[in-house]
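Enquirer: Chains as they are written, first to last, in our numbering: chain A, 93 to 349; chain B, 32 to 291.
Handing you this structure, nothing more for now.
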């Protein structure tokens with residue numbers, strides 16, 4: 093029985109690693125009232141849906157230090173279930189952002205989240221050059237909401253993951269770009285996942301460039317999981333998207349899964 | 032678990048998105064069999080998106096295409112009042128012609144018809160009640176499709192329709208109306224003749240929260256296949272923390288009751 097049929101029969105796919113590459117902690121979106129409750133609540137739902145780990149980061153906040161600390165605290169209640177990414181914004185003095193990244197690195201974070209919408213789309217990428225180099229050196233993926241293509245070409249050693257990108261698959265030329273740049277990935281944390289979008293990426297040789305994500309706990313794990321499982325592709329390719337690619341990208345130990 | 036998909040389409044999309052393979056009833060049946068879906072309500076994309084004059088011909092095409100599949104594919108005919116009025120046709124005659132067709136399910140796109148004008152809709156609504164037919168209200172494509180708020184008057188229009196005609200059975204289809212959730216919930220709370228497709232609200236623990244607030248009886252399983260895969264909403268239901276009985280109501284039973 094294939095993975096989809098097993099899941100639709102009610103089975104949790106605990107025999108394969110599933111890593112959700114897009115989540116948030118500390119905003120009480122799950123309806124809980126404390127960081128511990130939220131951390132526990134999300135883990136309970138991970139268990140319900142057979143998710144091994146979730147990547148979490150802050151988003152949109154002004155006080156980045158406080159919110160990165162909230163990520164650390166939230167993760168501390170279930171450290172084996174979360175992977176922490178840092179979040180920084182562009183300010184008047186960008187050395188603060190770099191210092192914050194160094195602090196986050198010491199706290200055990202493994203990547204960076206950038207959200208262009210919260211900068212009114214006006215991120216000066218040249219000013220952030222040290223940030224991109226830092227991420228390249230540490231092998232931190234940069235999950236970027238609103239990712240401009242020139243950034244991918246200008247910083248080829250930095251891994252950029254386009255957030256909410258599977259929607260782009262039907263657009264002419266989008267998957268070709270995903271294929272062309274080795275440092276360019278897509279996260280499937282889509283607002284809408286059109287049928288055939290995942291298939292198109294895989295058919296065009298991009299199976300290694302897709303990372304399952306749900307945008308939890310804003311959205312449910314299961315709907316996005318279903319959209320990957322429903323793709324008419326080999327189960328081995330589904331396994332890559334659900335977890336294999338993230339394990340490789342984040343240099344996680346396969347034995348831990 | 033038995034599934035009855037409340038929202039499938041046949042035919043090409045007019046929009047610039049990839050073509051899908053459900054261009055024939057056989058394709059659709061094969062896909063349903065693959066996922067274990069027993070029945071589907073089916074409309075014709077070109078009938079939903081556009082209309083020409085009274086467009087009765089398009090409905091006859093769908094009915095003819097589905098004639099040999101009626102045990103599994105239930106036709107849903109689009110009501111396109113905007114274009115009927117634009118073309119200068121009489122809405123009473125249109126309502127008579129429409130209701131004379133062999134169908135028990137109809138759909139009205141609130142977005143493309145620019146809302147529901149009761150003075151214009153009255154004759155259709157009365158005929159729908161007379162026929163004990165189900166009316167599917169669609170709220171897409173619209174700017175609400177990407178999580179932004181839909182036109183404010185759509186919700187007021189639905190509320191007015193539901194309260195003016197409490198015997199009329201209405202099911203709302205609105206993919207990703209997350210930003211409008213409060214308005215939709217208000218409607219569900221106030222109008223017991225309003226039901227909702229589970230794909231409309233895709234937030235965290237959506238099914239658990241919806242069932243907790245309004246009861247499983249108010250929701251149906253719908254996918255908008257083949258534009259979206261039904262499997263994602265099926266899995267949401269399978270993994271939801273509600274009783275098996277409630278899951279079965281949403282997956283199949285509620286829609287079956289509504290169409291009866």
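We put the CB at the ideal spot given by N, CA and C, even for glycine.
This one's a predicted model, so the numbers in the text were calculated from it and none came from an experiment.
1. Could you tell me the boundaries of the beta strand (DSSP E) in which residue 34 (chain B) lies?
2. Here's a check: name, in chain order, each residue in its chain whose Cβ is nearer than 6 Å to the Cβ of residue 164 (chain A), leaving out the five neighbours to either side.
3. When you compare only the Cα positions, how much space is there between residue 194 (chain B) and residue 232 (chain B)?
4. Using a cut-off of 8 Å between C-beta atoms, extract the partners of residue 311 (chain A) located in chain B.
5. Expressed to the nearest angstrom, what Euclidean distance is found between the alpha-carbon atoms of residue 235 (chain A) and residue 186 (chain B)?
6. Looking at the C-beta of residue 36 (chain B), does it have a partner C-beta in chain A at a distance below 8 Å?
7. Which residues share a DSSP beta bridge with residue 169 (chain B)?
8. Any idea what DSSP makes of residue 260 (chain B), helix, strand or coil?
9. Unbroken alpha helix (DSSP H) runs of length 4 or more, entirely within the segment 304-348 of chain A: which are they?
10. Going along the chain, which residues of its own chain have a beta-carbon closer than 8 Å to the beta-carbon of residue 251 (chain B), five neighbours each way excluded?
11. Would you grab the beta carbon distance between residue 313 (chain A) and residue 137 (chain A) for me? Rounded to a whole angstrom, and I think it's under 8 Å.
12. Please decide whether residue 265 (chain A) counts as near chain B, where near means a Cβ-Cβ distance under 8 Å.
13. Considering only C-alpha positions, which residue in the set A:169, A:278, A:267 and A:206 is nearest to residue 177 (chain A)?
14. Under 7 Å between beta-carbons, which chain B residues line up against residue 314 (chain A)? List them in chain order, please.
15. So residue 204 (chain B) and residue 249 (chain B) are supposed to be a Cβ contact under 8 Å. How far apart are they, rounded?
16. Name the DSSP beta bridge partners of residue 236 (chain A), please?
17. What are the start and end residues of the beta strand (DSSP E) that includes residue 68 (chain B)?
18. Note down, in chain order, each residue of its chain lying with its Cβ closer than 8 Å to the Cβ of residue 127 (chain B), except the 5 sequence neighbours on either side.
19. Since residue 308 (chain A) meets chain B, which of its residues come closer than 9 Å, beta carbon to beta carbon?
20. For residue 293 (chain A) and residue 186 (chain A), what's the separation of their Cα atoms in angstroms?
21. So what does DSSP say about residue 252 (chain B), is it helix, strand or coil?
22. Look at residue 210 (chain B) and residue 239 (chain B) and say whether their C-beta atoms are less than 8 Å apart.
23. Hey, does residue 33 (chain B) have any beta-carbon neighbour from chain A nearer than 8 Å?
24. Span of the alpha helix (DSSP H) holding residue 299 (chain A)?
25. Using a Cβ-Cβ cut-off of 8 Å, state whether residue 293 (chain A) counts as contacting chain B.
26. Please classify residue 280 (chain A) as buried or exposed, where buried requires at least 16 neighbouring CB atoms within 10 angstroms.
27. Specify the secondary structure class of residue 278 (chain B) as computed by DSSP and reduced to three states.
28. Check the Cβ-Cβ distances between residue 67 (chain B) and every residue of chain A, and say whether any is below 8 Å.
29. Nearest by alpha-carbon distance to residue 180 (chain A): which of A:143, A:189 and A:320 is it?
30. Against chain A, with Cβ distances strictly below 8 Å, would residue 142 (chain B) count as a contact?
31. Got a sec: is the Cβ-Cβ distance from residue 258 (chain B) to anything in chain A below 8 Å?
32. Does residue 93 (chain A) pass the burial test, meaning 16 or more other C-beta atoms within 10 Å, or should it be called exposed?
33. Whose C-beta lies closer than 7 Å to the C-beta of residue 291 (chain B) among residues of the same chain, with five residues either side of it excluded?
34. With DSSP run on the structure shown, which of helix, strand or coil describes residue 188 (chain B)?
35. Output yes if chain B places a C-beta closer than 8 Å to the C-beta of residue 218 (chain A); else output no.
36. Quick one: is residue 177 (chain B) buried, meaning 16 or more other Cβ sit within 10 Å of its Cβ, or exposed?
Expert: Quick answer:
1. For residue 34 (chain B), the enclosing beta strand (DSSP E) begins and ends at 34-41.
2. So the list reads 199, once near-sequence residues are dropped.
3. The straight-line gap from Cα to Cα measures roughly 23 Å.
4. Near residue 311 (chain A) (Cβ distances below 8 Å), the residues of chain B are 233, 234 and 235.
5. Cα-Cα distance, rounded: 36 Å.
6. With 8 Å as the cut-off, residue 36 (chain B) does not count as an interface residue toward chain A.
7. BP columns for residue 169 (chain B) point to B:140 and B:204.
8. The three-state reading of DSSP puts residue 260 (chain B) in coil, since its state is none of H, G, I, E or B.
9. List check, alpha helix (DSSP H) in window: 313-321, 327-331 and 337-341.
10. Result list for residue 251 (chain B): 35, 37, 202, 226, 227, 228, 229, 281, 285, 286 and 289, in chain order.
11. Contact flag correct, Cβ pair sits at about 6 Å.
12. False, the Cβ-Cβ gap to chain B never drops below 8 Å.
13. Residue nearest to residue 177 (chain A) within the set A:169, A:278, A:267 and A:206 is A:206 (criterion: CA-CA distance).
14. Those within 7 Å of residue 314 (chain A) in chain B are 266, 267 and 270.
15. Actually they are not in contact, since the Cβ atoms of residue 204 (chain B) and residue 249 (chain B) sit about 14 Å apart, beyond 8 Å.
16. Paired residues: A:206 and A:254.
17. Looking at the DSSP string, the run of the beta strand (DSSP E) that includes residue 68 (chain B) is 68-75.
18. Taken in chain order, the residues that qualify are 158.
19. From the beta-carbon of residue 308 (chain A), the residues of chain B found nearer than 9 Å are 235.
20. Taking the straight line from one Cα to the other gives about 36 Å.
21. In the structure shown, residue 252 (chain B) sits in coil (DSSP, three-state: anything other than H, G, I, E or B).
22. Contact flag unset, no.
23. With its beta carbon at least 8 Å from every one in chain A, residue 33 (chain B) lies outside the interface.
24. That residue, residue 299 (chain A), is in no alpha helix (DSSP H); it is neither H nor E in DSSP.
25. False, the Cβ-Cβ gap to chain B never drops below 8 Å.
26. By the 10 Å Cβ count, residue 280 (chain A) comes out buried.
27. Looking at residue 278 (chain B) - three-state DSSP - the assignment turns out to be helix.
28. Chain A contact via Cβ: present.
29. Nearest neighbour of residue 180 (chain A) by Cα position, chosen from A:143, A:189 and A:320, turns out to be A:189.
30. Taking 8 Å as the threshold, the shortest C-beta distance from residue 142 (chain B) to chain A does not fall below it.
31. With 8 Å as the cut-off, residue 258 (chain B) counts as an interface residue toward chain A.
32. By the Cβ neighbour-count rule, residue 93 (chain A) is exposed, with fewer than 16 other Cβ atoms within 10 Å of its own.
33. Once the five neighbours on either side are set aside, residue 291 (chain B) has no close Cβ partner at all.
34. Three-state result, residue 188 (chain B): helix.
35. Not closer than 8 Å to any Cβ of chain B, the Cβ of residue 218 (chain A) fails to qualify, so no.
36. Reliability of the predicted coordinates at residue 177 (chain B) is poor, the pLDDT of 48 falling under 50, and the value obtained from them is presented with this limitation in mind. Taking all protein chains in view, the Cβ of residue 177 (chain B) is surrounded by fewer than 16 other Cβ atoms within 10 Å, so the residue is classified as exposed.
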